[in-house]
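If you're matching positions, the sequence shown starts at 1 in UniProt numbering and goes up one per residue.
Just so it is clear, CB atoms sit at the ideal spot from N, CA and C, and this is done for glycine as well.
Here the structure is a predicted model, which is why all the values come from computation and not from measurement.
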Amino acid sequence: MESLTYSTVRSEFKSIYSPHKPHKPPLQTLALLFLLPLSFILTSYYPLQNILRYPIIFPLACAFAAFLLYVSAIGSITVSVCHAFCRRPFGLISVIASLPAHFIPLSATVLASLITQLSICSLAALLLFSCLRVYELLGFGEVHHSSSSPYFVGLCSVFGLVLFSCLVCLQASWSLAWAIVVAEECGWGGVEPLRRSANLMMKHRAARRVVILQLLNFWFGVGLTSWLSYQLQSGSASTVVSVSWAGLAPSLFLALYVMSQISWNAVVYLLCMKMDEEGSSKLLPGAEEYVGLVIKDEEESQI
């Protein structure tokens with residue numbers, strides 16, 4: 001296999017969820033355990049904040065819980081996918097027991113990624129504000145900072161599109177970092193897994209295109225789920241029970257989207273490492289043989 005294609009990765013991705021797989025990973029259970037509470041926090045945060053009225057404690061508690069759940073989900077799902085590729089039995093208890101070994105490196109890597117992306121968003125907002133001020137100081141007129149101003153809406157749309165494109169490209173470059181932390185020796189994590197992921201994506205251009213396409217599908221699904229959550233919760237009564245019940249279905253869909261994205265990145269990493277002549281020694285024990293069988297079966301099916 002000379003290069004990765006979207007259909008190739010999708011085929012291997014589907015095989016993980018095959019009911020006939022000898023060692024099927026407990027991905028759905030992990031999604032319910034970690035990603036469903038995380039998705040509920042994300043979809044129901046603003047309505048619940050207006051109801052509970054805890055301006056300091058509630059946001060801090062939600063942020064801390066969301067971070068713990070997200071890191072735990074990344075570690076457990078990536079470990080499950082890697083061991084499923086190795087055709088080794090790895091139950092739910094074993095997955096959870098393996099979390100402490102990867103938690104600190106994953107936390108450092110996730111924080112490095114979030115801080116970088118937040119810094120880029122802050123710089124973009126500062127640049128937008130500076131452009132508006134320069135426009136006004138040069139005497140071209142005053143720009144009204146509201147949705148009724150076509151200039152303001154147009155400028156914000158252009159900046160938003162450029163910022164979204166930059167963030168998608170950055171996320172694509174760093175998409176393999178979680179799998180690198182789990183499958184390789186990365187010390188304390190942080191910037192190093194992000195750098196190695198970017199180098200792998202630069203080396204495997206086809207894999208980068210596959211990841212970008214999947215990221216666009218992922219963010220489309222997230223946007224659709226967010227819109228559904230807003231519609232359901234805006235029409236519900238202003239009580240904790242009604243808001244929670246209205247946000248349950250969007251939370252479930254969002255959890256499945258995030259689980260699929262984490263699993264997809266792990267599959268891309270394993271296939272990239274097989275294609276890399278220097279990467280075979282860094283795979284989990286047994287993964288090289290499994291991926292070799294995957295590629296051989298694909299070539300035979302194409303013949």
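Where L106 is concerned, the enclosing alpha helix (DSSP H) starts and stops at L99 to L137. Following the DSSP letters along the chain, one finds G160 inside the alpha helix (DSSP H) bounded by residues P150 to S173. Fully enclosed alpha helix (DSSP H) runs of no fewer than 4 residues occupy 191-203 of the region 188-222, in order along the chain.
DSSP places T225 within a helical segment (H, G or I) once states are collapsed to three. Using a Cβ distance threshold of 8 angstroms, W188 and P105 count as a contacting pair. Judged by DSSP secondary structure, Y45 falls within the alpha helix (DSSP H) whose first and last residues are L36 to L52. Here T225 has T43, P250, F253, L254 and Y257 as same chain residues with Cβ atoms under 8 angstroms from its own Cβ, once five neighbours each way along the sequence are excluded. Excluding its 5 nearest sequence neighbours in each direction, F103 has C-beta neighbours in its own chain below 7 angstroms: V71 and G75, listed in chain order. T239 counts as exposed, since fewer than 16 other beta carbons sit within 10 angstroms of its beta carbon.
The distance from the Cβ of I77 to that of L114 is about 19 angstroms, inconsistent with a contact at the 8 angstroms cut-off. Per DSSP, the continuous alpha helix (DSSP H) segment holding Y269 begins and ends at L248 to M275. Assignment of E12 by DSSP, reduced to helix, strand and coil, places it in the helix class. In this structure, the straight-line span from the alpha carbon of V162 to that of A198 is close to 20 angstroms.
The straight-line gap separating the alpha-carbon atoms of Q49 and Q233 is approximately 13 angstroms. Counting along the chain, C62 sits inside the alpha helix (DSSP H) bounded by residues I57 to F85. Distances from the alpha-carbon of R196 to those of G91, H204, P47 and I180 put I180 closest.
Burial check for S130: the Cβ neighbour count within 10 Å stays below 16, so the residue is exposed. When secondary structure is reduced to three states using DSSP, L232 falls in the helix class. If you compare the alpha carbons of G160, S263 and E192 with that of S15, the shortest gap goes to S263.
In this structure L128 touches L155 by the C-beta definition: roughly 7 angstroms separates them, less than 8 angstroms. A direct Cα-to-Cα measurement between F13 and M259 gives close to 12 angstroms. If you check the CB distance, A112 and L194 come in under 8 angstroms. In this structure, I41 sits near A65, with a CB-CB distance shorter than 8 angstroms. Each residue's CA atom was taken as its position, placing C82 and L99 some 14 angstroms apart. Straight-line spacing of the CA atoms in L213 and V9 works out to 12 angstroms. At the C-beta level, V95 and S107 stay beyond 8 angstroms of one another. Closest in alpha carbon position to L118, among R133, L167, Y151 and L138, is L167. As the crow flies, the alpha-carbon of P37 is around 24 angstroms from that of L216. A172 is positioned such that its CB atom lies no closer than 8 angstroms to that of T109. If you draw a straight line from the Cα of A101 to the Cα of D276, it comes to about 26 angstroms. Setting aside the 5 residues that flank it on each side, S157 has no residue in the same chain whose C-beta is closer than 6 angstroms to its C-beta.
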